[in-house]
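Be aware that the sequence shown starts at 39, since it is given in the working numbering, and climbs by one per residue. Here a beta-carbon is modelled for each residue, glycine too, at the ideal position from N, C-alpha and C. One structure is given below, encoded as structure tokens.
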Amino acid sequence: MKFGTPVAALILMLSLQGRSEAQDSSATIRIAANPGGWRLEADAPPKTLRAVWEVSPSLVTPSWSVMAVQSIPEGRAGWTNVVGVPPDTAFFRIRTYDTPGFNAQLDRLIVKVREAYPEATLLESSPLLTSTVSELPDGVGLRAVLHVAKGTVVAQQSDPLADPQIDFNPAPWLGDMLLPWPVEMNLEEAESLLRNAGFASEYKTLTLRRPVYPGMIEPYFIFGTPRFGFVFVGTSTKKVFREN
Numbered sequence: 039m040k041f042g043t044p045v046a047a048l049i050l051m052l053s054l055q056g057r058s059e060a061q062d063s064s065a066t067i068r069i070a071a072n073p074g075g076w077r078l079e080a081d082a083p084p085k086t087l088r089a090v091w092e093v094s095p096s097l098v099t100p101s102w103s104v105m106a107v108q109s110i111p112e113g114r115a116g117w118t119n120v121v122g123v124p125p126d127t128a129f130f131r132i133r134t135y136d137t138p139g140f141n142a143q144l145d146r147l148i149v150k151v152r153e154a155y156p157e158a159t160l161l162e163s164s165p166l167l168t169s170t171v172s173e174l175p176d177g178v179g180l181r182a183v184l185h186v187a188k189g190t191v192v193a194q195q196s197d198p199l200a201d202p203q204i205d206f207n208p209a210p211w212l213g214d215m216l217l218p219w220p221v222e223m224n225l226e227e228a229e230s231l232l233r234n235a236g237f238a239s240e241y242k243t244l245t246l247r248r249p250v251y252p253g254m255i256e257p258y259f260i261f262g263t264p265r266f267g268f269v270f271v272g273t274s275t276k277k278v279f280r281e282n
């Protein structure tokens, strides 16, 4: 399994005027400042499929928060992110990957299922993890459960770029509410919220679902953590809490 790493240098945003630039061996970040906000630009490897933009108020005790996740079906080198006016001091970085992220991979899987079942609606989805991780590794397989007119479809994809195995079951799937797709949050942002809420960063299971249970008002990324049990991250409210 391969993990993505930050490929661009960090930029200190401290009373900057005009443009600033930083680079490392594999990428360059540029910034253009104007009264309406900041325009971040990055030159990354041409096979990049996904860019994760992050910000931290400090490098002494870094607390990286995801600002945006961008994903495309074909690789490109140039990436742009427009943000509002940041605080006086902030550090930015970009992580780039040559594989689709969880959300993009799930979107492709749903599209494949809907070729045979146009009415299919997502119920839940999980990556096929085999070990404890702090960030979803590249190339991990995916499983999704979808409601269809006469039952349930379980789709599994062991390779993100391969065709999935699609199995139909006439029985209904119990315990989950239908999920709107796409949800309002990418997994990368959920991982940063989990970490910044003090629940460490390691998890051994992950499911996107909305359980049929009082108080469950939105889709959740549910992390099965070694230390804290199940931790929920709301995709709309961004609230982070432990299982009762």
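A straight-line Cα-Cα distance of about 20 Å links Gly213 and Ser274. Under the rule that a run must span 4 or more residues, the alpha helix (DSSP H) segments found entirely inside the stretch 131 to 192 read 140 to 154. A distance below 8 Å separates the beta carbons of Ala209 and Gly189.
Rounded to whole angstroms, the separation of the alpha carbons of Pro257 and Thr118 is 29 Å. In the three-state scheme derived from DSSP, where H, G and I count as helix and E and B as strand, Glu229 is classed as helix. Excluding sequence positions up to five before and after Phe268, its CB lies within less than 6 Å of the CB of Ile260, Gly262, Glu281, all in the same chain and listed in chain order.
With fewer than three CB-CB distances shorter than 8 Å, the stretch 186 to 201 does not count as touching the stretch 214 to 229. A buried status is given to Tyr135, since no fewer than 16 other beta-carbon atoms sit within 10 Å of its beta-carbon.
The count of Cβ pairs closer than 8 Å, one atom from the stretch 138 to 154 and one from the stretch 171 to 187, reaches three, so the stretches are in contact.
Around the C-beta of Ala115, fewer than 16 other C-beta atoms lie within 10 Å, and the residue is accordingly described as exposed.
By the neighbour-count criterion, in which 16 or more other beta carbons inside 10 Å mark a residue as buried, Gly272 falls on the buried side. Look at Asn234 here: in three-state DSSP terms it is helix. A residue is called buried when at least 16 other Cβ atoms come within 10 angstroms of its Cβ; Val120 does not meet this threshold and is exposed.
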